[in-house]
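Input: a single structure, listed below in structure tokens.
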Amino acid sequence: MKQAIAFFRLMRPGDWAKNVFVVIPFVFWLAGDGRGEGSAIDQGLRILAVVAAFSLVGGGFYAINDALDAEEDRKHPKKSRRPVASGAVSPRSAILFGVMCVAAGLTLAGLVRLSVLALLAVYAVVQVLYNVKLKRVRLVDVTTVASGFVMRSMAGALALGIAVSIWLVVVVYALTLFLGFVKRLGDLRSVELARKGGAVVEWKPRAGYDSAEDLNWLLAVTGSVTMMAYLLYSLSDHARGIFGVRASGFALLSPLVFIVIHRLYLRANVGKADSPVTAIVADHSASVATLLFGGGVLAVLYVPQVSSALGALFQ
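Heads up, the sequence shown stops at 544 in this note's numbering, and the numbers go up one at a time, no gaps.
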């Protein structure tokens with residue numbers, strides 16, 4: 230049983246929540262003009278299958294990544310608890326398990342659409358390059374991770390049989406760049422705090438992120454770009470053409486986006502190198518703002534009274 234749990238942990242199920250980016254096109258498709266193939270139920274099943282496919286492929290590469298980074302992870306106060314670094318799973322077993330998960334994910338994607346399979350195959354190739362080299366190249370590592378989130382959203386659109394919006398690409402890419410640098414700063418600060426507490430920590434940032442000031446600058450830039458991209462989309466002709474006056478409701482929700490961005494930044498600066506999902510759950514302000522934002526988006530899209538109120542308030 231312990232072995233089974235260790236293998237499950239290899240897939241980092243807590244990070245599967247990031248596959249919510251696959252669902253974004255479906256949420257907006259339902260509230261839009263309904264273009265695409267099949268009923269809402271058919272489309273929803275396709276989206277769930279793509280979420281599962283990305284979870285398998287992503288989990289497989291997490292397992293492979295843990296096997297390759299085990300020696301380095303043992304030097305980190307938190308990463309040393311990972312299954313391979315802690316000795317719960319052997320590196321060879323982790324790699325074999327990872328390859329099996331990737332193969333299963335690609336097979337599932339092929340059952341949805343060939344275009345989704347092709348995109349997931351590109352994602353898999355990028356993950357190989359990331360694990361072999363790119364994760365050790367400063368800036369390239371985070372931009373590569375962000376591209377994976379964009380591919381998730383694109384896969385959601387392809388699964389529905391609709392065109393990929395450039396706004397979707399821009400907003401998702403900006404947000405995930407910010408989240409990537411949040412993680413880097415959190416890792417660095419957690420090590421700094423451990424050393425101040427007297428612990429001997431030999432871990433070093435693999436891509437050379439050894440300056441908190443530099444990471445703070447990167448976070449300031451990417452956080453600003455994220456807010457700007459979100460606001461520009463909510464006020465764009467593209468959004469208004471699809472959602473009408475409801476698009477203005479997205480702009481009204483922007484303070485909640487700002488709160489979440491700021492709370493994630495604060496957690497990173499005090500050494501809490503959580504995944505974005507864990508950070509939002511653990512931080513009361515971030516979790517409340519996220520719930521309000523999600524509820525607000527659904528209300529804007531699906532509650533007629535909200536649409537009527539927006540129409541009365543804004544031209």
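Cβ atoms here follow ideal geometry from the backbone N, Cα and C, with glycine treated the same way.
*Taking DSSP as the reference, what is the three-state secondary structure of D244?*
Taking the sequence shown and counting its residues from 1, the one referred to as residue 244 is at position 15. D244: helix per DSSP, three-state reduction.
*Look at the Cβ atom of S356, then the Cβ atom of F257, and state whether they are nearer than 9 Å.*
By 1-based counting over the sequence shown, the position of residue 356 is 127. By 1-based counting over the sequence shown, the position of residue 257 is 28. In the sequence on display, residue 356 carries Gln and not Ser. In this structure, F257 does not lie closer than 9 Å to Q356 by Cβ.
*With a Cβ-Cβ cutoff of 9 Å, do I324 and I293 count as a contact?*
Residue 324 sits at position 95 when you count from the first residue of the sequence shown. Residue 293 sits at position 64 when you count from the first residue of the sequence shown. Their beta carbons are under 9 Å apart, which means I324 touches I293 by this criterion.
_Short Cβ contact (9 Å threshold) for F472 with V529_ = For the purposes of this step, residue 472 is taken as residue 243 along the sequence shown, with counting starting at 1. For the purposes of this step, residue 529 is taken as residue 300 along the sequence shown, with counting starting at 1. Contact: yes.
*Touch check for the segment 329–347 and the segment 365–372: three-plus C-beta pairs under 8 Å?*
no
*If you check the beta carbons only, do D410 and M456 fall under 9 Å apart?*
As a working mapping, residue 410 is identified with position 181 in the sequence shown. As a working mapping, residue 456 is identified with position 227 in the sequence shown. Going by the sequence as given, residue 410 is Phe instead of Asp. No; because the gap between Cβ atoms is not below 9 Å, this pair is not in contact.
_Measuring CB atoms only, is the segment 459–475 touching the segment 442–449, in the sense that at least three cross pairs come out at less than 8 Å?_
no
_Can you tell me whether A497 is helix, strand or coil according to DSSP?_
The count along the sequence shown starts at 1 and reaches residue 497 at position 268. Helix.
*Specify, as a first and last residue, the run of the alpha helix (DSSP H) that G390 falls within.*
For the purposes of this step, residue 390 is taken as the residue at position 161 of the sequence shown. Here G390 belongs to no alpha helix (DSSP H), and DSSP marks it neither H nor E.
*Whose C-alpha, out of A269, L485, D244, is nearest the C-alpha of P505?*
Position 276 of the sequence shown, counted from the first residue, corresponds to residue 505. Comparing Cα positions, the closest option is D244.
*P254 in three-state terms, based on DSSP*: What you label residue 254 is simply residue 25 of the sequence shown in a count that begins at 1. Reduced to three states, the DSSP call for P254 is helix.
*With DSSP as the reference, label K412 as helix, strand or coil.*
Position 183 of the sequence shown, counting from 1, holds the residue named residue 412. Correct three-state label for K412: helix.
*Take the Cβ of A375 as the centre, count every other Cβ of all protein chains shown within 10 Å, and call the residue buried at 16 or more, exposed below.*
As a working mapping, residue 375 is identified with position 146 in the sequence shown. Classification for A375: buried.
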